[in-house]
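Asker: One structure is given below, represented as structure tokens, and several questions about it will come after.
2 protein chains.
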Amino acid sequence: MALSTMIHNHLPTTLSTGVNRISAIHGHQEVVFDLPKTNKTSNRGARRLAESLSNLLHLHIEPPSSRKNLQLSSWDLIDEEKHNTPTTSPKELVADKWRDIHGSMDWDSLLDPLHPWLRREIVKYGEFAQATYDAFDFDSFSEYCGSCRYNRNKLFEKVGLGKNGYKVTKYIYAMSHVEMPQWLERSHLMDTWSKHSNWMGYVAVSDDEETHRIGRRDIVVAWRGTVAPSEWYEDFQRNLEPIGVGDAKVEHGFLSIYTSKNESSRYNKSSASEQVMKEVIKLVQFYQGNGEEVSLTITGHSLGGALALLNAYEAATDLPGLHVSVISFGAPRVGNSAFRDELDELGVKTLRVVVKQDLVPRMPGIVFNESLQRFDDITGTLEWVYTHVGAELRLDVSSSPYLKRGFNPLGFHSLETYLHLVDGFLSTDSTFRSNARRDVSLVNKACDILVDELRIPSCWYQLANKGLVCNEHGRWVKPRREPEDIPSPIGEAHDHNLRIEMQESYQMSYAS
Amino acid sequence: MALSTMIHNHLPTTLSTGVNRISAIHGHQEVVFDLPKTNKTSNRGARRLAESLSNLLHLHIEPPSSRKNLQLSSWDLIDEEKHNTPTTSPKELVADKWRDIHGSMDWDSLLDPLHPWLRREIVKYGEFAQATYDAFDFDSFSEYCGSCRYNRNKLFEKVGLGKNGYKVTKYIYAMSHVEMPQWLERSHLMDTWSKHSNWMGYVAVSDDEETHRIGRRDIVVAWRGTVAPSEWYEDFQRNLEPIGVGDAKVEHGFLSIYTSKNESSRYNKSSASEQVMKEVIKLVQFYQGNGEEVSLTITGHSLGGALALLNAYEAATDLPGLHVSVISFGAPRVGNSAFRDELDELGVKTLRVVVKQDLVPRMPGIVFNESLQRFDDITGTLEWVYTHVGAELRLDVSSSPYLKRGFNPLGFHSLETYLHLVDGFLSTDSTFRSNARRDVSLVNKACDILVDELRIPSCWYQLANKGLVCNEHGRWVKPRREPEDIPSPIGEAHDHNLRIEMQESYQMSYAS
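This is the structure:
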């Protein structure tokens with residue numbers, strides 16, 4: 001019997017809360033495949049991924065051993081202590097270091113050991129990206145499915161980033177002319193805010209206090225990603241498209257999301273590219289016009305990291321002389337080596353934060369072969385096609401005592417896992433930072449990777465009663481969204497108001 | 001190719017929120033098997049159930065058709081209107097009808113059409129049973145997993161029954177010496193409130209106002225059930241045990257839960273039977289001693305309905321002359337015909353509320369054969385063994401315009417579905433009651449059976465962030481349970497306090 005057949009036949013599947021888990025024993029180590037809850041097709045894809053991976057890794061798959069009762073232990077003490085520690089360190093003045101932090105020296109000698117200033121700034125930008133997940137409306141019974149649950153003025157406050165020193169100035173929407181698996185969230189309803197567009201990110205700008213601390217006016221673009229990109233493989237294998245005027249080529253699915261528009265659409269009469277560039281150019285001109293030093297920092301996780309690179313390429317081309325950097329998390333390869341070389345020439349500084357165990361940054365490179373039964377590592381043949389850019393901060397799941405051992409694609413790829421590992425990273429030779437302060441519980445928001453001893457439920461980030469509330473008559477109803485939080489293309493187009501806001505803010509800061 | 005093989009090979013499985021769904025097409029009707037999220041074994045069992053059933057029903061299984069976008073329609077209007085209607089009707093005085101309501105005439109001519117007084121009382125008792133689910137702690141990372149989340153004084157208030165006119169006097173705990181599949185919820189932790197016992201129900205008594213309305217002091221016992229009893233089959237086939245001194249026999253799993261105790265246990269030094277009977281006898285003696293008329297009404301859903309019958313058998317035996325009635329929902333058969341005959345002789349009045357499509361009330365009777373590949377309807381051979389008792393109120397899922405068509409075992413068995421159908425039932429010849437007021441949204445609390453047009457999410461009854469809350473330091477932690485809500489065998493044993501409470505309440509009601 002062929003190994004693949006044997007594995008297939010013995011593959012046990014069990015259900016836990018919203019997650020399909022496939023377990024295997026590799027030596028003495030339990031290997032757990034956590035597959036995202038999602039539609040049938042992608043579930044099949046995810047299972048194939050698990051099967052193929054286990055085949056590649058020569059795992060002998062067995063039913064998981066029964067869970068042992070947890071011992072109360074020193075974990076309790078750790079727990080108690082941690083509960084009363086603030087989650088953030090005091091902010092330091094990094095005004096004279098910002099160029100280093102953003103890659104002027106290509107992060108040389110700053111990554112290993114990781115410089116504390118840099119660690120803090122990486123987490124800051126990662127939390128900008130995390131906000132795009134936390135505020136996203138995934139409710140397929142809502143007419144606002146695929147939008148942001150809050151208007152731009154409330155976003156940071158609602159996701160716990162009210163004190164981050166930035167202000168959102170613009171929301172970005174995207175659509176795609178090509179079928180890119182699993183990026184678009186769609187409502188089941190007929191009458192929806194938009195049929196083809198999703199909220200895809202936002203532009204924000206540092207306020208005066210933060211600007212003072214970080215040494216320049218910082219414009220941030222945060223791009224939303226997707227949680228389960230296992231089905232990008234096939235798309236990757238086929239499709240590279242030219243970008244710019246040279247030999248640079250990039251994956252056509254990412255490019256389509258970045259550039260697609262449609263006259264009859266409400267939110268994408270202009271493309272994501274046009275929306276973001278219009279806003280960025282306006283902000284840059286405004287603040288440069290006031291004599292300020294300005295930087296553009298683009299961030300994103302997964303698909304969002306890919307869009308960040310496309311955005312950086314365009315911004316650096318259109319705004320020569322502007323300091324453009326990308327801090328991406330778990331991003332796949334995006335383009336060919338000419339794309340990388342052009343980014344270098346344009347002066348785009350890219351820091352890729354990568355978890356060693358995460359599969360996505362290895363895409364493409366590990367792909368399914370045609371039989372879809374096993375992985376082929378075809379890095380050798382694809383390397384010349386898809387190339388990573390910039391510097392890499394490499395993290396290791398096994399460095400954290402809070403994370404379970406075992407194979408867990410969803411957990412490895414989760415942005416909260418990334419932020420936890422950045423927070424705890426000292427150097428490749430050191431153990432996890434003992435005074436790391438970021439809340440460990442956050443890691444399990446949308447996956448199941450924290451050790452059981454912490455007693456944090458898996459996938460705990462959820463609304464009470466899925467958003468239903470009991471009204472004064474005792475009926476459970478879905479409340480209407482606040483009018484101010486209902487997406488509106490007109491509201492988004494009101495740049496006029498923003499300009500006035502900026503002027504006022506600027507005048508006030510100089511008057512005071 | 002044999003049909004069963006073909007079905008097995010083509011059986012598609014998809015994941016939705018916490019529910020494994022298997023779909024089949026039967027003619028033009030989609031048939032949906034909703035399988036409970038649970039452990040691997042039971043999931044296999046549930047799938048076998050679905051497979052075997054589809055075989056039995058000669059279904060040709062195909063992948064489900066893709067979901068169509070929902071049209072906004074008259075549902076919106078219905079929705080709007082319903083949102084502003086109170087969920088309860090004004091309470092009427094039924095003091096002179098209570099014996100009829102509780103079966104003195106064996107509910108002759110009260111069930112079809114269903115008398116409005118009776119409908120209201122059936123829903124009242126059903127909500128007592130529903131409270132045992134709503135307040136149960138299912139969190140396997142909690143040291144209180146398997147207990148009630150609130151102490152007895154807060155229970156009704158917390159589950160929205162604060163105005164029901166009853167007061168909980170005692171919690172009941174159960175354990176089992178025999179392995180009964182899927183009844184015990186266990187914590188993963190080592191240090192837990194109890195290793196082998198679960199909160200299994202409670203005793204309550206009507207307050208003076210309700211006593212006045214319903215014409216007698218009503219003692220209620222509500223028994224908790226289980227949600228997914230598909231694995232009882234095998235147990236049923238083998239094991240009948242004697243109860244009482246005659247020929248009566250009952251299923252040994254149910255009897256074990258009702259009667260098991262263990263000296264070294266904290267909550268079951270006495271059995272559920274001993275706990276409930278001690279409390280009931282005390283209450284009966286107290287109120288009868290004060291010259292009041294007293295009734296005992298025992299309710300429960302599923303397994304809880306089976307325990308209700310055992311409890312009624314014991315109460316009627318030990319308290320001759322007491323009016324004992326059972327109102328059960330979706331209960332399986334419990335014992336043999338001698339058991340039924342003895343219940344009759346003891347004067348126990350039983351109203352079984354049964355949804356026609358629910359499989360559980362047909363248990364045993366439809367069981368797996370040994371190959372576990374298909375159903376055998378062995379009613380013919382088992383009928384003499386297991387016999388239903390009392391009168392039946394038969395409901396039909398297809399009578400409600402709010403419920404999806406298609407096979408949905410979890411939805412059919414759910415107590416909230418039962419209560420919805422009771423609320424809408426006029427007679428077998430009538431359509432759904434147009435002025436039914438019970439909140440339809442409740443039906444989807446723990447299943448997925450409401451039509452999509454209502455836009456009520458499936459399985460929506462859930463805690464915000466699975467019970468984690470953000471503390472003052474910005475950390476997400478599981479709050480400790482309020483000391484007053486921590487189960488305590490000592491607290492439960494403090495009958496002394498209760499007696500004082502009763503005395504005071506009694507004296508006050510006579511003083512006023």
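As they're listed, the protein sequences go chains A and B. Residue numbering for the first sequence follows UniProt numbering, beginning at 1 and increasing consecutively. Residue numbering for the second sequence follows UniProt numbering, beginning at 1 and increasing consecutively. All C-beta atoms in this analysis are idealised placements derived from N, C-alpha and C, irrespective of residue type, glycine included. Predicted, not measured: the structure shown is a model, and the values here were computed from it.
Please list the residues of the stretch 384-402 of chain B that have a C-beta atom closer than 8 Å to any C-beta atom in chain A, keeping them in chain order.
Answerer: Answer set for the stretch 384-402 of chain B: empty.
Asker: Would you say B:Phe141 and A:Arg455 are within 7 Å of each other, going by their C-beta atoms?
Answerer: As a working mapping, residue 141 of chain B is identified with position 141 in the second sequence. As a working mapping, residue 455 of chain A is identified with position 455 in the first sequence. The answer is yes: Cβ separation under 7 Å.
Asker: Can you give me the Cβ contacts of B:Glu209 inside the same chain, cut-off strictly under 7 Å, excluding the 5 residues immediately before and after it?
Answerer: Along the second sequence, one-based indexing puts residue 209 of chain B at 209. The residues are Gly165.
Asker: So, helix, strand or coil for B:His323, using DSSP?
Answerer: Here residue 323 of chain B refers to the residue found at position 323 when the second sequence is read from its first residue. Of the three classes helix, strand and coil, the one that applies to B:His323 here is strand, per DSSP.
Asker: Does the pairing of the stretch 152-166 of chain A with the stretch 103-119 of chain A give three or more beta-carbon distances under 8 Å?
Answerer: In short, these stretches do not touch, since the Cβ pair count stays below three.
Asker: Assuming the contact rule is C-beta atoms closer than 8 Å, A:Leu442 and A:Tyr418 should be a hit. Round their C-beta distance to whole Å, please.
Answerer: As a position in the first sequence, residue 442 of chain A is number 442, starting the count at 1. As a position in the first sequence, residue 418 of chain A is number 418, starting the count at 1. Not a contact, Cβ separation roughly 11 Å.
Asker: Skipping 5 residues on each side, what residues in its chain have a beta carbon closer than 7 Å to that of A:Leu161?
Answerer: Residue numbering aside, residue 161 of chain A sits at position 161 when the first sequence is read from its first letter. Taken in chain order, the residues that qualify are Glu127, Ala131.
Asker: On the DSSP letters alone, give me the boundaries of the alpha helix (DSSP H) that B:Tyr409 sits inside.
Answerer: Numbered from its first residue, the second sequence carries residue 409 of chain B at position 409. For the sequence presented, residue 409 of chain B should be read as Pro rather than Tyr. 409-413 is the span of the alpha helix (DSSP H), which, as asked, contains B:Pro409.
Asker: Between the Cα of B:Leu307 and the Cα atoms of B:Ala222, B:Ser270, B:Asp341, which residue gives the shortest distance?
Answerer: Reading the second sequence from its first residue, position 307 is the one you call residue 307 of chain B. The candidate whose alpha carbon is nearest that of B:Leu307 is B:Ala222.
Asker: Sort B:Ile327, B:Ala331, B:Gly335 by Cα distance to B:His252 and report the nearest one.
Answerer: As a position in the second sequence, residue 252 of chain B is number 252, starting the count at 1. Selected option, being the one with the closest Cα: B:Gly335.
Asker: So what does DSSP say about A:Glu453, is it helix, strand or coil?
Answerer: To locate residue 453 of chain A, count along the first sequence from 1; it is residue 453. Residue state, collapsed to three classes: helix.
Asker: Contact criterion: CB-CB distance below 7 Å. Does A:Ser441 meet it with respect to chain B?
Answerer: Residue 441 of chain A sits at position 441 when you count from the first residue of the first sequence. Taking Cβ atoms only, chain B reaches closer than 7 Å to A:Ser441, which makes this a yes.
Asker: At the level of alpha carbons, what is the spacing between B:Glu292 and B:Gly103?
Answerer: Residue 292 of chain B sits at position 292 when you count from the first residue of the second sequence. Residue 103 of chain B sits at position 103 when you count from the first residue of the second sequence. Roughly 20 Å between the two C-alpha positions.
Asker: Can you look up B:Asp100 in the DSSP assignment and give me helix, strand or coil?
Answerer: Against the second sequence, residue 100 of chain B aligns to sequence position 100. B:Asp100: helix per DSSP, three-state reduction.
Asker: Return the first residue and the last residue of the beta strand (DSSP E) that B:Pro181 is part of.
Answerer: Within the second sequence, the letter at position 181 stands for residue 181 of chain B. That residue, B:Pro181, is in no beta strand (DSSP E); it is neither H nor E in DSSP.
Asker: Against chain B, does A:Phe432 count as a neighbour if the rule is that its beta carbon must be under 7 Å from one of theirs?
Answerer: The residue you call residue 432 of chain A lines up with position 432 of the first sequence. False, the Cβ-Cβ gap to chain B never drops below 7 Å.
Asker: Mind checking who B:Tyr166 pairs with in its DSSP beta bridge?
Answerer: Taking the second sequence and counting its residues from 1, the one referred to as residue 166 of chain B is at position 166. In the DSSP output, where bridge partners are listed per residue, B:Tyr166 has B:Ser206.
Asker: Quick one: Cα of A:Leu346 to Cα of A:Gly321, how far?
Answerer: Indexing the first sequence from 1 puts residue 346 of chain A at position 346. Indexing the first sequence from 1 puts residue 321 of chain A at position 321. Using only the alpha carbons, I get a separation of about 9 Å.
Asker: For A:Val389 and A:Ala248, what's the separation of their Cα atoms in angstroms?
Answerer: The residue you call residue 389 of chain A lines up with position 389 of the first sequence. The residue you call residue 248 of chain A lines up with position 248 of the first sequence. One C-alpha to the other measures close to 13 Å.
Asker: Just to confirm the assignment, what range does the alpha helix (DSSP H) spanning B:His252 have?
Answerer: Taking the second sequence and counting its residues from 1, one reaches residue 252 of chain B at position 252. Taken as a continuous stretch (DSSP letters only), the alpha helix (DSSP H) holding B:His252 covers 252-259.
Asker: Is the beta carbon of A:Arg352 less than 7 Å from the beta carbon of A:Glu392?
Answerer: Walking along the first sequence from the start, residue 352 of chain A turns up at place 352. Walking along the first sequence from the start, residue 392 of chain A turns up at place 392. Going by C-beta atoms, A:Arg352 is nearer than 7 Å to A:Glu392.
Asker: Out of B:Val250, B:Glu274, B:Asp100, B:Gln357, state which residue places its alpha-carbon closest to the alpha-carbon of B:Tyr173.
Answerer: In the second sequence, the residue the question calls residue 173 of chain B occupies position 173. Answer by Cα proximity: B:Glu274.
Asker: Please return the same chain residues whose Cβ sits closer than 6 Å to the Cβ of B:His301, not counting the five positions on each side in sequence.
Answerer: By one-based count along the second sequence, residue 301 of chain B stands at place 301. Result list for B:His301: Ala129, Gly225, Phe329, Gly330, Leu415, in chain order.
Asker: Taking 7 Å as the threshold (beta carbon to beta carbon), is B:Arg405 in contact with chain A?
Answerer: As a position in the second sequence, residue 405 of chain B is number 405, starting the count at 1. Closer than 7 Å: no.
Asker: Kindly indicate which residue of A:Thr192, A:Arg120, A:Tyr125 has the alpha-carbon position closest to the one of A:Ser325.
Answerer: Indexing the first sequence from 1 puts residue 325 of chain A at position 325. A:Ser325 has its Cα closest to that of A:Tyr125, out of A:Thr192, A:Arg120, A:Tyr125.
Asker: Report the neighbours of A:Trp476 on chain B: residues whose CB is nearer than 7 Å to its CB, in chain order.
Answerer: Against the first sequence, residue 476 of chain A aligns to sequence position 476. Chain B residues near A:Trp476: Asp439, Ser441, Leu442.
Asker: Would B:Pro364 be called buried (16 or more neighbouring beta carbons within 10 Å of its own) or exposed?
Answerer: Position 364 of the second sequence holds residue 364 of chain B. Classification of B:Pro364: buried, given that the 10 Å Cβ count is 16 or more.
Asker: From A:Leu183 to B:Val276, what distance separates their C-alpha atoms?
Answerer: Along the first sequence, one-based indexing puts residue 183 of chain A at 183. Along the second sequence, one-based indexing puts residue 276 of chain B at 276. In the sequence as presented, Leu is not what sits at residue 183 of chain A; that position holds Trp. Computed Cα separation, rounded: 56 Å.
Asker: Could you confirm whether any beta carbon from chain A is found closer than 7 Å to the beta carbon of B:Leu468?
Answerer: As a position in the second sequence, residue 468 of chain B is number 468, starting the count at 1. For B:Leu468, the answer is yes, since a Cβ of chain A falls inside 7 Å of its Cβ.
Asker: When the distance is taken between beta carbons, is A:Lys167 closer than 7 Å to A:Asp218?
Answerer: Position 218 of the first sequence holds residue 218 of chain A. Position 167 of the first sequence holds residue 167 of chain A. Not in contact: A:Asp218 and A:Lys167 (Cβ atoms no closer than 7 Å).
Asker: Compute the Euclidean distance between the alpha carbons of B:Leu450 and B:Leu403, then round it to the nearest angstrom.
Answerer: Position 450 of the second sequence, counting from 1, holds the residue named residue 450 of chain B. Position 403 of the second sequence, counting from 1, holds the residue named residue 403 of chain B. So the two alpha carbons sit approximately 5 Å from each other.
Asker: Given this structure, state the Cα-to-Cα distance separating B:Leu296 from A:Asp191, to the nearest angstrom.
Answerer: Taking the second sequence and counting its residues from 1, one reaches residue 296 of chain B at position 296. Taking the first sequence and counting its residues from 1, one reaches residue 191 of chain A at position 191. Spanning the two alpha carbons is a distance of roughly 53 Å.
Asker: Which bits of chain B does A:Asp452 rub up against, with CB to CB less than 7 Å?
Answerer: Within the first sequence, numbered from 1, the residue matching residue 452 of chain A stands at position 452. The answer, in chain order, is His188.
Asker: Quick check on DSSP: helix, strand or coil for B:Ser371?
Answerer: In the second sequence, residue 371 of chain B corresponds to position 371, counting from 1. Only weak support is given to the placement of B:Ser371: the predicted model assigns it a pLDDT of 33, under 50, and the value that follows is read from those uncertain coordinates. Of the three classes helix, strand and coil, the one that applies to B:Ser371 here is coil, per DSSP.
Asker: Using three-state DSSP, classify B:His420 as helix, strand or coil.
Answerer: Position 420 of the second sequence, counted from the first residue, corresponds to residue 420 of chain B. DSSP places B:His420 in helix when its eight states are reduced to three.
Asker: Give me the residue from B:Trp476, B:Gln288, B:His177 with the minimum Cα distance to A:Pro457.
Answerer: Position 457 of the first sequence, counting from 1, holds the residue named residue 457 of chain A. The shortest C-alpha separation from A:Pro457 is found at B:Trp476.
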